[in-house]
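Structure (structure tokens):
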């Protein structure tokens, strides 16, 4: 039962509602002065507890741990802890005078230190509780990971056991259906080969996928390289070119925005068209209206065309005059063309006759000049061939002479070594033995006998070869001079022969010169026109190509089209592979056969049971 609220308590409660901060109150002003309500610290232990190991009846703390509203009245309070007012030391008012718990009256430094210690103790306890929760959660997480790993292992074991169970079921079915072991082995081999083919296809698909990914990465690197190169080129541009580039880039952005807007508009129109087509498909009346509208448009087009013809139509007299003029002009053109055609045919016949005559003259005209010319040509060819191989032949002869000189020196050394230091001359037999013991394999070994292999013979051969070389050099100079004379004579003969044919050539030239000039002028005019047209077309092509190459959307569309084709090809291959796999694992025929066998087996069991009972 609560005490009734008196006037003094009401005033205290009204003043306590203002919540003056505790750090601003140094001490109470009077017995009924302003005092802070520290209810939140009512459950804490005081900063000035009682003396350690003192009896409970000696002294109580200045503030109670519990939230009691009254202190023990039998306790003695020291004078230092009593509040001091302006009237002196006052006694402590019993706790029954107020509805709040008794708190410490003097809130000094030790009091706040105690509060801080209490708060720190609470924080330490809370941190310890949080750490305990964290440790518990870590342990639970480790346990969950262990359980998850264990569950995965058990799932793998379960899958393996399910596979074994399926194998056992297949074996039981095969045994119950009286299937032979050879057929089972054959089926197992087929399944094994199918699995190998499937694995090979999967590996192939994986390799192709890796190749495409590598190609895509290379393409991305090339694109990045081109972008960096473009940025470097832009940085290296002069201000005028850069300004022009920026202008073109802005124009490109504007055009891309326009294209995007037109694309959106086109998509919107396409959606509207699809919507209208769906509505038309649902309504025969609208379909008929569309057909009538198309017919109306065709009729209006024809009407406009007829009106235009009517406006441009001339009077009958003018039309007749115009037709007459046109007919006359056509007749004149036809007559001129026929005359030109006749002259061309005549000219062609004359040229053909002249050509036949020239060919006949060439075939029958084997005169002395032509015979001599042919002989001179053959001789010139022989001389040219000799001149072409002269250096090679000369080098071979010089090499052979060098070898002979070396062999002569070797023979002389051997003879001098074999003869010793005496003055005795060698006999023919000793010379023969020396020559026979030497490994001489020269050019003249086959032609000469061993008796001729002496120093004198070799010296004579050397002199003869030198004479032959001198004669060859003289012959070379003579041949060179003759070749020069023959070439000069050949040129003169060619000029003479050309003079003989001047008549024919001049005649032919006179006949074809005018036509050739006309044709040449005509062809040159056509060539000029064609070059201008080709240049215009090339410029248009380059401009369009540059525009398309600068258009990012076109490049993206082109890349997407290539990617779409590749994806379609892969999708087609995947669908084919899936169909093949489905055909391989199609169990419906086997299921039907098994059901049929089960039905027959059941029928047989029923019949057997009937016969038994």
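Numbering (our numbering), first residue to last: 187 to 799. Just so you know, even glycine gets a beta-carbon here, dropped at the ideal spot from N, CA and C. None of the values given here were measured: they were computed from a predicted structure.
In this structure, the straight-line span from the alpha carbon of residue 767 to that of residue 388 is close to 12 Å. A contact between stretches requires three or more CB pairs, one per stretch, nearer than 8 Å, and the stretch 734–749 meets this requirement with the stretch 430–447. CA-to-CA, the gap between residue 316 and residue 332 works out to about 24 Å. Judged by beta-carbon spacing, residue 363 lies beyond the 8 Å limit of residue 765, meaning their Cβ atoms are not closer than that value. For residue 752, the three-state secondary structure derived from DSSP is helix. The Cβ atoms of residue 573 and residue 665 lie closer than 8 Å to each other.
Judged by their CB atoms, residue 562 and residue 705 are not nearer to each other than the 8 Å cut-off. DSSP, read as helix, strand or coil, puts residue 293 in coil.
The continuous alpha helix (DSSP H) containing residue 420 extends over residues 367–422.
The Cβ-Cβ distance between residue 715 and residue 569 does not fall below 8 Å. For residue 795, the three-state secondary structure derived from DSSP is helix. The C-alpha of residue 585 is placed about 15 Å away from the C-alpha of residue 658.
Out of 778, 575, 588 and 744, the CA that lies nearest to the CA of residue 662 is found in 575. In the DSSP annotation of this structure, residue 501 is not part of any alpha helix (DSSP H), being labelled neither H nor E. Exposure of residue 727 is indicated by the presence of fewer than 16 other C-beta atoms within 10 angstroms of its C-beta. Under the three-state reduction of DSSP output, residue 363 falls in the coil class, being neither helix nor strand.
In summary, residue 293 is buried, with 16 or more beta-carbon neighbours lying within 10 Å of its beta-carbon over all protein chains present. Counting only runs of 4 or more residues that sit fully inside the stretch 708–789, the alpha helix (DSSP H) segments are 738–770, in chain order. For residue 651, the CB contacts under 6 Å within the same chain, skipping 5 residues up- and downstream, are 587 in chain order. Apart from the 5 residues on each side of it in sequence, residue 470 has no Cβ closer than 7 Å to any other Cβ in its chain.
Following the DSSP letters along the chain, one finds residue 456 inside the alpha helix (DSSP H) bounded by residues 425–468.
Rounded to the nearest angstrom, the gap between the Cα atoms of residue 435 and residue 428 is 10 Å.
Between residue 459 and residue 466, the CB-CB gap reaches or exceeds 8 Å. In this model, residue 353 and residue 744 are separated by some 52 Å (Cα to Cα). If the five residues before and after residue 306 are omitted, its C-beta is found closer than 7 Å to no C-beta atom of its own chain.
By the neighbour-count definition (other C-beta atoms within 10 Å, threshold 16), residue 597 is a buried residue.
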